[in-house]
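Engineer: Chains P and A, in that order, give the protein sequences. Per our numbering, the first sequence starts with residue 13, numbered consecutively. Per our numbering, the second sequence starts with residue 62, numbered consecutively.
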Amino acid sequence: MKLISKTITAALLAVPLLSGAASAATLTIPTLDYRTGPYAPNGIPFANGFSDYLTLLNERDGGINGAKINLTPCETAYNTKRGVECYENTKGQGSGALVYQPLSTGITYQLIPKSSVDKIPIFSMGYGRTSAANGKVFPWVFNFPATYWSQATVFVQYIGDKEGGMANLKGKKIALVYHNSAYGKEPIRTLESAAAKYGFELMLLPVDHPGQEQKATWLQIRKERPDWVMMWGWGVMNQVAIKEAASIRFPMDHFIGVWWSGSENDVLPAGDGAHGYLSGAFHQPGDNFPAHDDIKKYVYDNGKGHGERERIGEVLYNRGLVAAMWTSEAIRKAMEIHGTNEVNGVMVRDGFEALDVDEKRLTELGLPGFTIPVKISCDNHEGPGKVALQQWDAKAKKWNLVSDFYEPLRDITGPLIAEDSAQYAAENNVVPRICN
Amino acid sequence: MIYRETGQFKADYAADQALFPIKQDRYVILAVLFITFAVVPFWLNQYWLNAIVLPFLIYALAALGLNILTGYCGQLSLGTGGFMAVGAYSIYKLMVAIPEVGFIPLVLLSGLITAAVGTLFGLPSLRIKGFYLAVATLASQFFLIWMFNKVEWFNNYNATGMITSPPMEFFGVIITGPSATPTAKYFIVVSIVAVFALVAKNLARGRIGRNWMAIRDMDIAAELIGVRPLIAKLSAFAVSSFYIGMAGALYFAVWLGSAEPTEAFDINQSFLVLFMIIIGGLGSVLGSFLGAGFLVLMPILLKNIMVDGFGTDSALAAHIEIMTVGVLIIMFLIVEPHGLARLWRIAKEKLRLWPFPY
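1. Applying a beta-carbon distance threshold of less than 8 Å, which residues of chain P neighbour S138(A)?
2. If we define contact as Cβ-Cβ less than 8 Å, is G378(P) a contact residue for chain A?
3. Suppose the cutoff is 7 Å on Cβ atoms and the five residues either side in sequence are ignored; what does the same chain contact list for T425(P) look like?
4. Go through its chain and collect everything with a Cβ distance to G352(A)'s Cβ below 6 Å, but skip five positions before and after it.
5. Could you name the residues that DSSP lists as bridge partners for K410(P)?
6. Assuming T242(A) and P228(A) make a contact with CB atoms under 8 Å, what is their CB distance in whole Å?
7. Is there at least one Cβ from chain A nearer than 8 Å to S415(P)'s Cβ?
8. Quick check for students: name the residue ranges of the beta strand (DSSP E) that lie wholly in the segment 78 to 104 of chain A, counting only runs of 3 or more.
9. Go ahead and label M359(P) buried or exposed: buried means 16 or more other beta carbons lie within 10 angstroms of its beta carbon, across all protein chains shown.
10. Which residue from P166(A), N329(A), V334(A) puts its Cα closest to that of S301(A)?
11. Counting contacts by CB-CB distance shorter than 8 Å, is E66(A) in contact with chain P?
12. Report the three-state DSSP secondary structure of T40(P) (helix, strand or coil).
13. Would you please state the rounded distance, in angstroms, between the beta carbons of W230(P) and E204(P)? I believe it to be under 8 Å.
14. Which term fits N365(A), buried or exposed, when burial requires 16 or more other beta carbons within 10 angstroms of its beta carbon?
15. Name the chain P residues that come within less than 8 Å of I361(A), Cβ to Cβ?
16. Once the 5 residues before and after A335(P) are set aside, which same chain residues still bring their CB inside 8 Å of it?
17. Check whether the segment 138 to 158 of chain P and the segment 395 to 413 of chain P touch, using three or more Cβ-Cβ pairs below 8 Å as the test.
18. Just curious, the alpha helix (DSSP H) that V189(P) is in, first and last residue?
19. Taking the straight line between their C-alpha atoms, what separation do you get for L39(P) and I81(P)?
20. Between K246(A), G142(A), V157(A), R188(A), which lies nearest to G179(A) when the distance is taken from Cα to Cα?
21. For the beta strand (DSSP E) containing C86(P), name the first residue and the last one.
22. Can you give me the C-alpha to C-alpha distance between Y90(P) and D280(A), rounded to a whole angstrom?
23. Using a Cβ cut-off of 8 Å, which residues of the segment 220 to 253 of chain A contact any Cβ in chain P, in chain order?
24. Residues of the segment 79 to 112 of chain P in Cβ contact with chain A at a cutoff of 8 Å, in chain order, please.
25. Is the distance from the Cβ of V241(P) to the Cβ of I233(P) below 8 Å?
26. Which one of F95(A), D77(A), S138(A), K409(A) has the shortest CA to CA distance from A299(A)?
27. Would G118(P) pass as an interface residue toward chain A - the criterion being a Cβ-Cβ separation below 8 Å?
28. Looking only at DSSP bridge pairs, what is A293(P) linked to?
29. Give the interface partners of E321(A) over in chain P, defined as CB-CB distance under 7 Å, in chain order.
30. How is the beta strand (DSSP E) around P218(P) delimited, first residue to last?
31. So R262(P) and L290(P) are supposed to be a Cβ contact under 8 Å. How far apart are they, rounded?
32. Is there contact here, the segment 164 to 179 of chain P with the segment 70 to 86 of chain A, by at least three beta-carbon pairs under 8 Å?
33. With a threshold of 8 Å between beta-carbons, can H399(A) be considered close to chain P, or not?
34. Are Y46(P) and T88(P) close, meaning C-beta to C-beta below 8 Å?
35. For A33(P) and V168(P), what's the separation of their Cα atoms in angstroms?
36. Would you tell me roughly how many angstroms separate the C-alpha atoms of I41(P) and Y247(A), rounded to the nearest one?
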């Protein structure tokens with residue numbers, strides 16, 4: 013009898029302890045930052061935006077549904093080997109990493125096969141392997157809100173619009189200046205298909221890492237006189253290219269960068285010469301949203317900010333912020349689905365797959381009209397795939413969205429995604445899952 | 062007292078020319094082998110095996126290769142990254158085309174392919190020497206990387222130019238691809254490295270090694286005493302590239318799993334391996350291991366001490382790490398210009414006299 017009562021007492025005592033442990037659950041989110049090396053100018057604002065938003069959730073709301081976020085930074089210098097070392101080092105920390113945001117196509121390629129083994133989702137937001145949009149073959153990888161291939165077709169449509177119709181693309185010459193790596197080579201297949209379909213000529217101009225030397229590239233552009241230039245660049249390569257383009261007086265409004273080649277760091281060094289330069293975008297620039305005010309109030313006023321107060325709202329800062337927003341919403345969704353706030357990588361993956369951030373939710377989060385609504389499903393990990401263009405105003409030193417959000421040309425990207433993911437599945441013995 | 066050869070009499074030439082003539086050395090080597098095969102894989106965790114020990118072993122193999130060429134034969138080479146790429150792309154093409162041959166024969170085969178390429182690029186060494194040869198090998202580095210970027214046949218027409226190592230088994234255990242365990246990978250790499258370290262040690266003390274060293278010390282004198290520079294130099298290039306090719310194959314297939322030419326095999330790889338043998342000790346098998354250990358372990362160790370130990374900001378830690386490694390390299394070169402292996406040799410000599418130095 014005594015034993016039974018003792019057991020009951022112990023059980024009763026254990027219940028609040030257990031629930032106490034549950035509410036004190038921490039969410040480990042490693043951040044693979046790069047604040048050093050030739051890609052630091054772009055890596056720093058992104059890392060700041062990402063970390064600041066998650067710090068805001070900790071400071072203002074006490075984490076996500078009461079579970080504190082534990083940020084674990086690791087410096088990669090945009091180097092694949094260091095990135096993998098960081099991954100191995102951080103994946104087991106705390107109760108296990110929940111999600112990775114590598115911010116490097118090279119590191120993403122390394123982590124894709126590991127993710128399904130370690131059961132940790134990868135959120136390569138708008139970069140990485142495009143065919144990961146096929147959730148049947150890549151259940152652990154998410155690359156919404158749009159892929160490089162979607163973006164390439166949007167650029168082609170924009171050029172078509174400016175030339176007065178897609179039919180006028182015939183006989184035009186479009187150059188692609190790209191970082192000579194897996195990242196830069198991503199759009200080539202898509203642009204080749206588009207070139208075949210619309211009859212424009214594609215000129216491929218690779219630039220080797222880190223991209224400081226581009227004299228020969230731009231000399232070739234001056235000689236061949238392409239009608240439009242697209243750029244897939246990152247880090248110092250961006251500013252060098254824009255300066256070179258300005259120095260050969262290439263018309264800036266005919267020069268379109270990928271969304272990783274369109275931040276303040278990239279255009280400011282070229283001064284007025286960069287006026288009119290275009291780039292892809294999937295969110296608004298600027299710091300005039302309620303969430304930014306909260307970051308200043310709860311994070312920077314308490315001395316917990318990761319960067320400089322004046323740089324809040326830069327394009328790449330907002331890119332990091334939107335990545336953190338979607339990540340935290342996926343974790344929230346995972347908690348909702350599984351009815352616990354002690355989530356693990358498997359549950360967070362389910363959260364990503366059921367993610368639905370519409371305009372109403374964005375307003376609740378203090379980001380009304382900040383980005384496009386995103387809804388993910390089992391087979392579509394790319395989400396909406398819509399892309400807009402932004403233009404640099406060198407006089408006001410400001411980026412402005414200048415186009416609507418274009419739908420990608422799915423008749424071009426669809427078959428390419430199917431082909432590439434099927435090749436991956438065949439090479440790695442992946443059996444595509446069934447989505448219903 | 063403990064380390065002394067007094068009383069170890071050799072009655073025949075074979076015993077006198079043994080790989081490790083001193084009994085204590087043999088025991089040490091056996092102990093090291095026992096630890097590497099029976100203790101390390103069960104004692105270290107997955108992070109250590111995957112992120113630290115595997116790259117250390119693979120770089121040690123590459124350093125061993127370069128040491129044969131630069132340390133033993135005196136031919137300065139900056140093409141290591143390019144030759145590693147040849148090994149990596151060879152094994153990729155072979156793994157896709159003829160996986161049924163088995164992993165170990167494919168590693169050897171990609172080493173042989175690299176040896177052929179290395180010999181080809183070694184031809185200029187018959188005419189040019191020293192720094193000029195370094196420039197010629199530098200050209201091979203850039204040419205090879207450019208070729209792997211340009212010719213899509215090498216990456217099987219992959220849209221992004223990446224190569225990914227398909228899963229392969231070794232007697233039923235998966236050793237490549239994402240589902241391979243670090244322990245399995247460790248065993249396959251450490252076996253290859255151990256065997257070929259022994260081969261290198263053997264080569265270096267034999268006729269071929271002596272020919273190389275004669276060429277290194279003074280090529281005209283060597284020619285006069287009957288060493289054929291053509292054979293000696295080209296064999297050094299071939300053997301060296303064979304090692305580096307195998308290292309490249311393991312680097313890509315076992316450790317990285319996927320690679321792109323520009324980042325994985327760029328000129329920094331060549332410099333890194335060259336620094337390894339300079340710090341470790343030119344013309345020494347042990348030096349290759351010490352140098353690789355120093356340059357692979359030191360940055361990660363520093364980072365872990367600073368970030369995990371003292372909670373330093375990760376970016377600040379990265380900057381301090383770059384500076385500290387630089388300072389340590391300079392310090393070692395001042396204190397011991399002949400490398401870490403030389404320190405070991407001095408220690409051995411001191412040990413012989415201990416505890417009664419005269």
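All C-beta atoms in this analysis are idealised placements derived from N, C-alpha and C, irrespective of residue type, glycine included.
Structural biologist: So, to answer that:
1. On the second sequence, position 77 is the one that residue 138(A) refers to. Under the 8 Å cutoff, chain P gives no residues; its nearest Cβ is about 21 Å from S138(A).
2. Locating residue 378(P) in the first sequence gives position 366, counting from the first residue. It does not; no Cβ of chain A falls within 8 Å.
3. Position 413 of the first sequence, counted from the start, is the residue given in the question as residue 425(P). The answer, listed in chain order, is W161, S162, T165, T202.
4. As a working mapping, residue 352(A) is identified with position 291 in the second sequence. So the list reads A124, M337, I338, I340, G341, once near-sequence residues are dropped.
5. Here residue 410(P) refers to the residue found at position 398 when the first sequence is read from its first residue. DSSP output for K410(P) lists D405(P) as bridge partner(s).
6. Counting from one through the second sequence, the residue named residue 242(A) turns up at place 181. Counting from one through the second sequence, the residue named residue 228(A) turns up at place 167. The Cβ separation is near 12 Å, so there is no contact.
7. Looking up residue 415(P) in the first sequence gives position 403. No, its Cβ sits nowhere closer than 8 Å to a Cβ of chain A.
8. none
9. Sequence index remark: in the first sequence, residue 359(P) carries index 347 (1-based). Buried, because 16 or more other Cβ atoms sit within 10 Å of the Cβ of M359(P).
10. Locating residue 301(A) in the second sequence gives position 240, where the first residue counts as 1. Selected option, being the one with the closest Cα: V334(A).
11. Working through the second sequence from its first residue, we reach residue 66(A) at position 5. Cβ-Cβ to chain P under 8 Å: no for E66(A).
12. To locate residue 40(P), count along the first sequence from 1; it is residue 28. Three-state DSSP puts T40(P) in a strand.
13. The residue given as residue 230(P) occupies position 218 in the first sequence. The residue given as residue 204(P) occupies position 192 in the first sequence. The Cβ separation is near 23 Å, so there is no contact.
14. Position 304 of the second sequence, counted from the first residue, corresponds to residue 365(A). With fewer than 16 Cβ atoms within 10 Å of its Cβ, N365(A) is classed as exposed.
15. Position 300 of the second sequence, counted from the start, is the residue given in the question as residue 361(A). Within 8 Å Cβ-Cβ: E97.
16. Along the first sequence, one-based indexing puts residue 335(P) at 323. Hits under 8 Å: F58, G61, F62, Q113, F135, M137.
17. yes
18. Translated into positions along the first sequence, residue 189(P) becomes position 177. Element bounds for V189(P): not the alpha helix (DSSP H) but the beta strand (DSSP E), 185 to 191.
19. Counting from one through the first sequence, the residue named residue 39(P) turns up at place 27. Counting from one through the first sequence, the residue named residue 81(P) turns up at place 69. If you take the alpha carbons of L39(P) and I81(P), they lie about 5 Å apart.
20. Within the second sequence, residue 179(A) is the residue found at index 118, counting from 1. Comparing Cα positions, the closest option is G142(A).
21. The residue given as residue 86(P) occupies position 74 in the first sequence. Run containing C86(P): 80 to 87, per the beta strand (DSSP E) assignment.
22. Residue numbering aside, residue 90(P) sits at position 78 when the first sequence is read from its first letter. Residue numbering aside, residue 280(A) sits at position 219 when the second sequence is read from its first letter. Roughly 44 Å between the two C-alpha positions.
23. A220, T221, G222, M223, T225, P227, P228, G238, P239, S240
24. P85, C86, E87, A89, N91, T92, K93, V96, E97, E100, N101, G104
25. Here residue 241(P) is taken as the residue at index 229 of the first sequence, counted from 1. Here residue 233(P) is taken as the residue at index 221 of the first sequence, counted from 1. Going by C-beta atoms, V241(P) is nearer than 8 Å to I233(P).
26. Locating residue 299(A) in the second sequence gives position 238, where the first residue counts as 1. For A299(A), the nearest C-alpha among the options comes from S138(A).
27. As a position in the first sequence, residue 118(P) is number 106, starting the count at 1. Chain A contact via Cβ: present.
28. What you label residue 293(P) is simply residue 281 of the first sequence in a count that begins at 1. DSSP, once it has assigned bridges, lists A400(P) as partnering A293(P).
29. The count along the second sequence starts at 1 and reaches residue 321(A) at position 260. Going along chain P in sequence order, the residues near E321(A) (Cβ under 7 Å) are G118, S193, A194.
30. Residue 218(P) sits at position 206 when you count from the first residue of the first sequence. Per DSSP, P218(P) belongs to the beta strand (DSSP E) from 213 to 219.
31. Numbered from 1 along the first sequence, position 250 holds the residue referred to as residue 262(P). Numbered from 1 along the first sequence, position 278 holds the residue referred to as residue 290(P). It is worth fixing the name first, because residue 262(P) is Phe in this sequence and not Arg. In fact, because the Cβ distance is near 12 Å, the residues do not count as touching under 8 Å.
32. no
33. Translated into positions along the second sequence, residue 399(A) becomes position 338. So no, H399(A) is outside the interface.
34. On the first sequence, position 34 is the one that residue 46(P) refers to. On the first sequence, position 76 is the one that residue 88(P) refers to. Cβ distance < 8 Å, so Y46(P) and T88(P) count as in contact.
35. Looking up residue 33(P) in the first sequence gives position 21. Looking up residue 168(P) in the first sequence gives position 156. In this prediction, A33(P) has a pLDDT of 41, which is less than 50 and means its spatial position is unreliable; what the coordinates show is noted afterwards. Distance between the alpha carbons of A33(P) and V168(P) is about 54 Å.
36. Taking the first sequence and counting its residues from 1, one reaches residue 41(P) at position 29. Taking the second sequence and counting its residues from 1, one reaches residue 247(A) at position 186. Cα to Cα, the separation comes out at about 29 Å.
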